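Residue numbers (mature numbering (1 follows the signal peptide of the UniProt record, and there is no 0)): -20 to -1, 1 to 353.
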């Protein structure tokens, strides 16, 4: 009996010793996990979590040691001040690999703190200013506003044959940047921009703005902002008898838009989202199935991009045969990674060299792809 206990104790010690040899890699996630945008933050977090779990199940070895990945997730509330606090918390915890922030208004100031701490950042924030800061370890893992806004305008001009449009933006770094890019391309494509109105990302009543635009007989209204505002906007457009289409960027290309807008969100709403059509991507259907099996819900806008970002880091570590962030950064900047949502090869600024944009509409409350540019 004593021998049995001794053997068990030795086995336990051996297991503990083996575990102690693992190299812990902390992956930090910053996103809105509370408030109106929590649906997006949780979806992004789940994409990263799925990658972490798969990497730990493999597992992978770097410099002779097995890597054990841990996800540290912070709620930045989509707010710049909370985002800076979240960044400091992750930095203090020894995080050198970050996915997020989701919001441009958070990502732009927080990226400075991460850069100063020597951490790498893979963000889906779309404002062009993010990658104009010159940080070598900062990567945008999707299309920028210039691509999302301009390609929505091109689709409106070339495919929808629109002539007279208006713009509303929520004055966030994201919404303003997106709206300006749409407006610039709309004018270049021969459309008239009959009005540009402003709101904020906490508003829910747009009747005065919409009433003003109704008099201009616009064929479409482009909204630079998020689904929690776009959905009531769609409702109020219907109530006011406005038949114009509602156009937007990636942040309204979500099931939340259909859920909040109900039957007022259908083929009257179109949006642009970075990446090719996931169902047509080589590993897209398999990813969607894995995600649904694990989290009991469909992957939303950027789950695949966050999954890819974690895998991008892991491949960088393997190729560098090091977990040193600067060595991994050199590999990522010079190389290429084939992910679920696209091919991740970056220019000198940290933008993807090729990032297709897909135009969506809505059917049955769900975004459905129309075409990719």
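Backbone N, C-alpha and C fix where the C-beta goes; we use that ideal spot for every residue, glycine too. Note that the coordinates shown come from a computational prediction; the quantities given were computed from them, not determined experimentally.
Contact set for residue i: own chain, Cβ-Cβ below 7 Å, skip 5 residues either direction
| i | result |
| --- | --- |
| residue 396 | Here the chain has residues from -20 to 353 only, and residue 396 is not among them. |
| residue 69 | 54 |
| residue 270 | 30 |
| residue 283 | 23, 24, 26, 27 and 271 |
| residue 67 | 10, 90, 93 and 94 |
Euclidean distance between Cα positions of residue i and residue j
| i | j | result |
| --- | --- | --- |
| residue 198 | residue 34 | 49 Å |
| residue 119 | residue 329 | 8 Å |
| residue 326 | residue 37 | 29 Å |
| residue 317 | residue 323 | 6 Å |
| residue 299 | residue 110 | 27 Å |
| residue 156 | residue 150 | 7 Å |
| residue 162 | residue 126 | 8 Å |
| residue -4 | residue 302 | The predicted position of residue -4 is uncertain, since its pLDDT is 44 and thus under 50; a value taken from the coordinates is nonetheless stated next. In a straight line, the C-alpha of residue -4 is about 22 Å away from that of residue 302. |
| residue 192 | residue 56 | 35 Å |
| residue 340 | residue 89 | 31 Å |
| residue 311 | residue 39 | 21 Å |
| residue 73 | residue 101 | 15 Å |
| residue 105 | residue 124 | 8 Å |
| residue -17 | residue 47 | Annotation note: pLDDT 44 at residue -17 (below 50); position unreliable, coordinate value reported separately. Approximately 32 Å, taken between the alpha carbons. |
| residue 277 | residue 19 | 11 Å |
| residue 228 | residue 313 | 31 Å |
| residue 354 | residue 158 | Here the chain has residues from -20 to 353 only, and residue 354 is not among them. |
| residue 293 | residue 24 | 16 Å |
| residue 203 | residue 187 | 14 Å |
| residue 252 | residue 2 | 42 Å |
| residue 83 | residue 264 | 25 Å |
| residue 196 | residue 174 | 7 Å |
| residue 236 | residue 17 | 9 Å |
| residue 338 | residue 177 | 26 Å |
| residue 254 | residue 349 | 12 Å |
| residue 41 | residue 261 | 28 Å |
DSSP three-state assignment for residue i, whether helix, strand or coil
| i | result |
| --- | --- |
| residue 95 | helix |
| residue 340 | strand |
| residue -15 | Bear in mind that the predicted position of residue -15 carries a pLDDT of just 49, short of 50, making it unreliable; the figure below should be weighed with that in mind. Note: residue -15 maps to helix in three-state DSSP. |
| residue 177 | strand |
| residue 301 | coil |
| residue 296 | helix |
| residue -8 | Model confidence at residue -8 stands at a pLDDT of 42, short of 50, so the residue's coordinates are unreliable; what they give is reported in the following sentence. Looking at residue -8 - three-state DSSP - the assignment turns out to be helix. |
| residue 413 | The chain is shown only over -20 to 353; residue 413 falls outside these bounds and no answer can be derived. |
| residue 252 | strand |
| residue 287 | helix |
| residue 88 | helix |
| residue 228 | strand |
Boundaries (first-last residue) of the alpha helix (DSSP H) holding residue i
| i | result |
| --- | --- |
| residue 313 | 305 to 314 |
| residue 32 | 18 to 37 |
| residue 135 | 125 to 138 |
| residue 188 | 187 to 194 |
Contacting residues, own chain, Cβ-Cβ under 6 Å from residue i (five flanking each side not counted)
| i | result |
| --- | --- |
| residue 240 | 211 |
| residue 342 | 238, 245, 246 and 249 |
| residue 137 | 169 and 171 |
| residue 152 | 85 and 181 |
| residue 63 | 56, 81, 86 and 90 |
| residue 308 | 296, 297 and 300 |
| residue 289 | 79, 102 and 121 |
Assigned exposure category for residue i - 16 Cβ within 10 Å defines buried
| i | result |
| --- | --- |
| residue 139 | exposed |
| residue 22 | buried |
| residue 266 | exposed |
| residue 274 | exposed |
| residue 234 | buried |
| residue 27 | buried |
| residue 113 | exposed |
| residue 335 | buried |
Other residues of its chain near residue i: CB distance less than 8 Å, five sequence neighbours each side excluded
| i | result |
| --- | --- |
| residue 357 | In the structure displayed, the chain extends from -20 to 353; residue 357 sits before or after that span and is not available. |
| residue 50 | 4, 5, 6, 7 and 32 |
| residue 143 | 170, 171, 172 and 199 |
Bounding residues of the beta strand (DSSP E) (the contiguous stretch that carries residue i)
| i | result |
| --- | --- |
| residue 262 | Unbroken run through residue 262: none, as it is neither H nor E. |
| residue 162 | Where residue 162 is concerned, there is no enclosing beta strand (DSSP E), although the alpha helix (DSSP H) it sits in stretches over 153 to 168. |
| residue 204 | 200 to 204 |
| residue 77 | 77 to 79 |
| residue 55 | 45 to 55 |
| residue 146 | 144 to 149 |
| residue 108 | Element bounds for residue 108: n/a, residue is neither H nor E. |
Min CB distance residue i to chain C below 8 Å
| i | result |
| --- | --- |
| residue 6 | In the displayed structure, chain C is absent; only one protein chain is listed. |
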